[in-house]
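Student: Keeping their order, the protein sequence lines are chains A and B. Start counting the first sequence at 1; every next residue gets the next number (this note's numbering). Start counting the second sequence at 176; every next residue gets the next number (this note's numbering).
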Amino acid sequence: MLSFGHSAIVAAYVVVALGLVLLCLFSRWSWQVKTVMLGLVTAAYLAVYYSVPALLGWPTDRAVPKRFGLLAVFIQEPDKRTGEDGDVFFWATDLDPDADQRPRAYRLPYTPGLKAVMQEGQGKLRQNIPQIGEAEPDDEVHGVPSDRQQMGQKSVKIKLRDMPPAGPPSKDAGG
Amino acid sequence: MTSWALPTFLAAFGLLVALLLNVLLFTRFAWWVKLGAIAAVALLGWTTWRAMPGLLGWPTHTDIPPRFNLNAIHVVEPDKSGANKGAIYLWVTRFATSTSGVLPRAFVLPYSPELQQKVVAAGTKLRKNLPQLGEVVMKANSRDSHGREQIDLEFYDMPDPLFPER
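1) Are the segment 276–292 of chain B and the segment 250–266 of chain B touching by the rule of at least three beta carbon pairs closer than 8 Å?
2) Let me confirm a value: A/Val41 is counted as buried when at least 16 other C-beta atoms fall within 10 Å, else exposed. Which label applies?
3) Pull the bridge partners of B/Leu265 from the DSSP assignment, please.
4) Quick test of the definition: if touching needs 3 or more C-beta pairs under 8 Å, does the segment 10–24 of chain A touch the segment 32–39 of chain A?
5) Pull up the CB-CB distance for A/Gln119 and A/Leu125, whole angstroms please, since I reckon it's below 8 Å.
6) Can you give me the C-alpha to C-alpha distance between A/Lys115 and B/Pro288, rounded to a whole angstrom?
7) Mind pulling the chain B residues with CB within less than 9 Å of A/Val41?
8) Restricting to Cα atoms, I'd like to know which of B/Val251, B/Val250 and B/Gln307 is closest to B/Ala271.
9) Is the separation between the beta-carbon of B/Lys293 and that of B/Phe330 shorter than 8 Å?
10) State yes or no: is the beta carbon of B/Val198 nearer than 8 Å to at least one beta carbon in chain A?
11) For the segment 51–76 of chain A, which segments carrying the alpha helix (DSSP H) assignment without a break, of at least 4 residues, lie completely within its bounds, in sequence order?
12) Report yes if the C-beta distance between A/Val92 and A/Gly133 is below 8 Å; otherwise report no.
13) Is the CB-CB distance between A/Arg107 and A/Asp138 below 8 Å?
14) Using a Cβ-Cβ cut-off of less than 9 Å, give me the residues of the segment 95–128 of chain A that come near chain B, in sequence order.
15) So which residues of chain B does A/Thr60 contact, with C-beta pairs closer than 8 Å?
16) When we look at the beta-carbon of B/Ile239 and count the other beta-carbons within 10 Å, is it buried (16 or more) or exposed?
17) Helix, strand or coil, according to DSSP, for B/Lys303 in the structure here?
18) Any idea if A/Tyr13 is buried or exposed, counting beta-carbon neighbours within 10 angstroms, 16 or more meaning buried?
19) Quick check on A/Ile132 - is its C-beta less than 8 Å from some C-beta in chain B?
20) Please report whether the beta-carbon of B/Tyr264 lies at a distance below 8 Å from any beta-carbon of chain A.
21) If I follow the unbroken alpha helix (DSSP H) through A/Gly123, where does it start and stop?
22) According to DSSP, is B/Ile239 helix, strand or coil?
23) Check whether the Cβ of A/Met211 lies closer than 8 Å to any Cβ atom in chain B.
24) Let me know the secondary structure DSSP gives B/Gln292 once reduced to three states.
Now the structure itself:
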């Protein structure tokens, strides 16, 4: 599926390619220079084409949906030996009917509170009780981020509740 | 995250910046042409930077590890109209005896009733706290509509000691 991310990158590359075509057509560079320029841009295109799929599938730390159907939880606790802060990963579908219905993986910084909420949700999922999650901006200050990568990450508060019984049975199977 | 992907991406952008410098320093183009070139490359950099987070988190159809720990499944069956061809989503971590330092990754596979049966059976065992090891099996002489080799999966129960509690 062509998402905003894909189409934006494709559009940006079209702009650069257009610029290169204009340069090749209207400049007085020798053919060797033009060939090198075409080679460079083609190499850049190929590099992006092959590196983008390798970036897919990994969890994102942005844009947790306001309401989501929780599919699974994966918790990495802080490790004192390695100094890792720990993460709470979860896999969810956006319940907004206009949103992309594919499941998406999210990553939030580990906190004991979030771990407790998510573990409870995971336990209920294992009992076949579907869970609805709600994300709200967390205004509480949790201290200075220890990792510069967390600087742009907004803290969110996650609440989980049991999904009310639906009318017709869903075709989707969750694990 | 695949370690070579981000450096490759940055190298590609570096190539374009080198191209831009070439245009700026070694040509006699009018100033507005050079300004346009700067704007085009800046637009590319900005768009890529903004677009990347939108790409993360979604399942990928490539590079499923040959052996993996299954974390979760999500099956979407095809509808009768044929508009939705169905899909099988897996959330997995590469095969490891400890969860330290491993990141879960989401994959999507084309729907097939046989694969659904296997995946749902593995999902049921996961819910019963029986960890599942997945293994990729290549299907002989079978390619999908994109020319990719089609794969099959086998799941095995993992012995509990492979997942020690911290």
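Cβ atoms here follow ideal geometry from the backbone N, Cα and C, with glycine treated the same way.
Tutor: Working from what's here:
1) With a cut-off of 8 Å, the segment 250–266 of chain B and the segment 276–292 of chain B count as touching, because enough Cβ pairs lie within range.
2) With 16 or more other Cβ atoms within 10 Å, it is buried.
3) In the DSSP assignment, B/Leu265 forms a beta bridge with B/Ile248 and B/Phe282.
4) The segment 10–24 of chain A, when compared against the segment 32–39 of chain A, does touch it at the 8 Å Cβ threshold.
5) The beta carbons of A/Gln119 and A/Leu125 sit about 11 Å from each other, so the pair does not count as a contact at 8 Å.
6) One alpha carbon belongs to A/Lys115, the other to B/Pro288, and they sit about 35 Å apart.
7) Chain-ordered, the chain B residues with CB closer than 9 Å to the CB of A/Val41 read Leu190, Leu191 and Leu194.
8) Comparing alpha carbon positions, the residue from B/Val251, B/Val250 and B/Gln307 closest to B/Ala271 is B/Gln307.
9) Yes; because the gap between Cβ atoms is below 8 Å, this pair is in contact.
10) At least one chain A Cβ lies under 8 Å of B/Val198.
11) You should have found no qualifying run.
12) Position check: residue 92 of chain A holds Ala in this sequence, whereas Val was assumed. Yes. Within cutoff.
13) For the 8 Å CB-CB criterion, A/Arg107 and A/Asp138 do not form a contact.
14) Cβ contacts with chain B: Asp100, Gln101, Arg102, Pro103, Arg104, Ala105, Tyr106, Arg107, Leu125, Arg126, Gln127 and Asn128.
15) Neighbours of A/Thr60 on chain B, chain order: Pro228, Leu231 and Gly232.
16) Counting Cβ neighbours within 10 Å, B/Ile239 comes out buried, since at least 16 surround it.
17) The answer is coil: DSSP assigns B/Lys303 none of H, G, I, E or B.
18) Buried.
19) Not closer than 8 Å to any Cβ of chain B, the Cβ of A/Ile132 fails to qualify, so no.
20) B/Tyr264 has a beta carbon lying within less than 8 Å of a beta carbon in chain A.
21) In the DSSP annotation of this structure, the continuous segment of the alpha helix (DSSP H) that includes A/Gly123 starts and ends at Pro112 to Arg126.
22) The three-state secondary structure of B/Ile239, taken from DSSP, is coil.
23) Since the first residue shown for chain A is 1 and the last is 175, residue 211 of chain A is missing from the structure and cannot be characterised.
24) In the structure shown, B/Gln292 falls within a helical segment according to DSSP collapsed to helix, strand and coil.
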